[in-house]
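Single-structure report; data block below.
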Amino acid sequence: MRFAALALALSAALSFMAPASAQEDWKLASAKRAPDVGAQFDQEFADAVTKNSGGAGKIEIQFVGNEQEMVQQVLRGRLQFGATSPLGLAAAMPEMAIFNTPYLWLSREERDFVYSNHLVEPLKKMFDEKGLVLLSIQDAGYSGVFCKMYCSNPSSLKGQKTRVSPSAASKMFYESLGAIPVQLPLADVWPALEQNLVVAGDLPLGFFANTPGAATAQNFVYTQHTHSSWLYFANKRVWDSITPEARKAIIAAMPAPLETSDRLMAYQEEAAKNYTAKGGKVYPLTDEERAGWASLITPNIPAFVATLSPGAQGLFETIAAAKKEFAAKNN
8 MRFAALALAL SAALSFMAPA SAQEDWKLAS AKRAPDVGAQ FDQEFADAVT KNSGGAGKIE
68 IQFVGNEQEM VQQVLRGRLQ FGATSPLGLA AAMPEMAIFN TPYLWLSREE RDFVYSNHLV
128 EPLKKMFDEK GLVLLSIQDA GYSGVFCKMY CSNPSSLKGQ KTRVSPSAAS KMFYESLGAI
188 PVQLPLADVW PALEQNLVVA GDLPLGFFAN TPGAATAQNF VYTQHTHSSW LYFANKRVWD
248 SITPEARKAI IAAMPAPLET SDRLMAYQEE AAKNYTAKGG KVYPLTDEER AGWASLITPN
308 IPAFVATLSP GAQGLFETIA AAKKEFAAKN N
């Protein structure tokens, strides 16, 4: 009996003692869900971290529809990793608002050059100052305009109630078109479309085509006015708890900036086919037509940038100088 009692006491004591090398259960929070290809990118990121962490932790993906709230949870350490767009980060990091500026990029090549050569290090520093670690910059696509009615001509949006995101750039875009901005969280957009509270909005087609809104707003215009990067990051305390060797291995396993773009574009083409198969109509724009949309927006960009934080304005200047460098190299 004494041996049994001793064994029981020892078992109870050991139950309170976790080995120093115990694997942590981490969560990666994201607004992406299958069949969106972004959910596949999230899983690949999670697998790479788990595989190269040296047994420190294993990542489970958790869907969080409110990106701004998710970022706060990662900052507090309640969630360990996050993936979101600049829009999701702008509340915690006002400088990120600059990336929501319409028509910021003239081409994919220009965008990739500026990110790879001039933005990676400043962004890492910004994240570090907030207690986060930027691990990878990938692609979430370009936004187009979805509508319940024909809207490939921007004049069709004049006087129409249009959903805007929690972004000053989004409001500026639609005000420049003469639309009536209605700010709504993403989850509220689908019932708002059904009830005619709004008749239009903007998202990347690859994302929009898999939402309930695709059945209601069956017109999609390839304005490509705003690009969304997809940024993977970690809580700094969690990151620092991983051994230096494992951190180095994880970084080495990350794809180069925007390396997933080709896969994303292929998925967007499939999403367009699925959208049209269900009754949707897509409207590609000629360069002249796209310039017509842009001509209504770009005159208002300097005044918009002037309303942003000094950090955002500094980033805009960095981007402008890098764009000039790119142009000089390619002329």
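In this note's numbering, the protein residues as written are 8 to 338.
Every residue gets a Cβ at the ideal spot worked out from N, C-alpha and C, and that includes glycine.
Status (buried if at least 16 other CB within 10 Å, exposed otherwise) for residue i
| i | result |
| --- | --- |
| residue 193 | buried |
| residue 62 | exposed |
| residue 174 | buried |
| residue 258 | exposed |
| residue 43 | buried |
| residue 49 | buried |
| residue 324 | exposed |
| residue 334 | exposed |
Candidates the options, of which the one nearest residue i by Cα
| i | options | result |
| --- | --- | --- |
| residue 171 | 160, 156, 200 and 144 | 200 |
| residue 131 | 241, 308, 188 and 184 | 241 |
| residue 233 | 222, 209 and 191 | 209 |
| residue 65 | 304, 82 and 29 | 29 |
| residue 166 | 186, 84, 246 and 285 | 186 |
| residue 139 | 153, 115 and 79 | 79 |
| residue 269 | 115, 305 and 57 | 115 |
C-beta contact flag for residue i and residue j at 8 Å
| i | j | result |
| --- | --- | --- |
| residue 126 | residue 238 | no |
| residue 176 | residue 101 | no |
| residue 260 | residue 55 | yes |
| residue 274 | residue 220 | no |
| residue 147 | residue 235 | yes |
| residue 111 | residue 36 | no |
| residue 69 | residue 39 | no |
| residue 278 | residue 216 | yes |
| residue 299 | residue 228 | no |
| residue 77 | residue 57 | no |
| residue 183 | residue 105 | no |
Residue i, DSSP secondary structure in three states
| i | result |
| --- | --- |
| residue 110 | coil |
| residue 34 | strand |
| residue 324 | helix |
| residue 83 | helix |
| residue 126 | helix |
| residue 305 | helix |
| residue 96 | helix |
| residue 263 | coil |
| residue 287 | coil |
| residue 268 | helix |
| residue 138 | coil |
| residue 165 | coil |
| residue 29 | coil |
| residue 157 | coil |
Let me know the beta strand (DSSP E) ranges lying completely inside the stretch 178-257, each 3 residues or longer, listed in chain order. 187-190, 207-211 and 226-242
Mind pulling the beta strand (DSSP E) runs of 3 or more residues that sit fully within the stretch 34-71? 64-70
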